[in-house]
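Engineer: Residue numbers (our numbering): 14 to 111.
Ideal Cβ placement from N, Cα and C applies to all residues, glycine included.
Note that the structure is predicted; figures quoted are calculated from it, not measured.
1. Please classify residue 27: does DSSP put it in a helix, a strand, or coil?
2. Starting from the C-beta of residue 50, find all residues in its chain whose C-beta is less than 7 Å away, skip the five residues before and the five after it, and write them out in chain order.
3. Grab the span of the alpha helix (DSSP H) containing residue 43 for me, first residue to last.
4. Anyone know if the C-beta pair for residue 41 and residue 95 falls short of 9 Å?
5. Using C-beta distances below 7 Å, list every residue in its chain close to residue 24, excluding the 5 sequence neighbours before and after it, in chain order.
6. Tell whether a beta-carbon distance below 9 Å holds between residue 32 and residue 105.
7. I'd like the list of long-range same chain contacts for residue 56, defined as Cβ closer than 8 Å, with 5 residues on each side in sequence excluded.
8. What span of residues does the alpha helix (DSSP H) with residue 100 cover, start to end?
9. With DSSP collapsed to three states, give me the class of residue 71.
10. Could you give the first and the last residue of the continuous alpha helix (DSSP H) run that contains residue 49?
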């Protein structure tokens with residue numbers, strides 16, 4: 014049997030944080046099933062590494078992928094929940110400053 018891919022439930026990344034989450038800490042999961050998942054994770058990595066040019070190019074690629082047809086309608090309840098999670102993350106960080 015082949016080893017599960019890195020970053021999967023069966024083979025967590027060395028930097029996996031799910032077990033480290035505080036009970037009240039909001040989180041957001043991007044699954045491989047999402048057609049934008051790999052590009053979004055790569056964008057996050059470029060931004061985190063300070064590679065502005067590569068991040069800009071990846072964002073342009075993402076925008077091109079979604080310009081013809083968004084993956085789901087803008088009226089989707091999933092979008093509203095995503096924005097709520099984003100706000101909850103910001104508020105959690107503000108109340109848990111180190």
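Structural biologist: The answer reads as follows:
1. In this structure, DSSP gives residue 27 a state outside helix and strand, which the three-state scheme calls coil.
2. Annotation for residue 50: 43 and 44 place their beta carbon closer than 7 Å to its own, counting only its chain and skipping 5 residues before and after.
3. Note, residue 43: premise wrong, no alpha helix (DSSP H); not H, not E.
4. The Cβ-Cβ distance between residue 41 and residue 95 falls below 9 Å.
5. Cβ within range, chain order: 16, 17 and 18.
6. Cβ atoms of residue 32 and residue 105: not closer than 9 Å.
7. Hits under 8 Å: 68, 71, 72 and 75.
8. Per DSSP, residue 100 belongs to the alpha helix (DSSP H) from 90-108.
9. In the structure shown, residue 71 sits in a helix (DSSP, three-state: H, G or I).
10. Taken as a continuous stretch (DSSP letters only), residue 49 belongs to no alpha helix (DSSP H), as it is neither H nor E.
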